Amino acid sequence: MSVLIDPPLWPNHGTVWGHLVSDTSLDELHAFARAAGIPERGFDLDHYDVPVERYAQLQEQGAHLVDGRELVRRLRASGLRVTSARRHGRA
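Residue numbers (numbering that gives the first Met the number 0): 0 to 90.
So this is what it looks like as structure tokens:
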């Protein structure tokens, strides 16, 4: 069981954002996010959006930095991945 983050590549709101996921369960992900002080509004169905400024803290708390492909591969393998179609109400 792991909490994973990918490199922050998505610019918005004056910073750059990445994704925080669990390859085990949403319960694990939410517990980790609560402990890290990440607001619930950052949750987007299968991940939290996190700003680059939080990366050092998240890694100190146990999040593992992986590239984006690995993050998606592990999220899919866990069965937690929300597809684009499901995200937009088409599935």
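Every residue gets a Cβ at the ideal spot worked out from N, C-alpha and C, and that includes glycine.
Small disclaimer: the values here were computed from a predicted structure and weren't measured.
The Cβ-Cβ distance between residue 17 and residue 4 falls below 8 angstroms. Per DSSP, reduced to three states, the secondary structure at residue 51 is helical. Nearest to residue 61 by C-alpha distance, out of 35, 7, 9, 6, is 35.
Taking C-beta atoms as the reference points, residue 22 and residue 1 count as a pair closer than 8 angstroms. C-alpha of residue 31 to C-alpha of residue 81: approximately 19 angstroms in a straight line.
Secondary structure note for residue 71: its alpha helix (DSSP H) is the uninterrupted segment 67-77. With contacts defined as CB atoms closer than 8 angstroms, residue 20 and residue 51 fail to qualify as a contacting pair.
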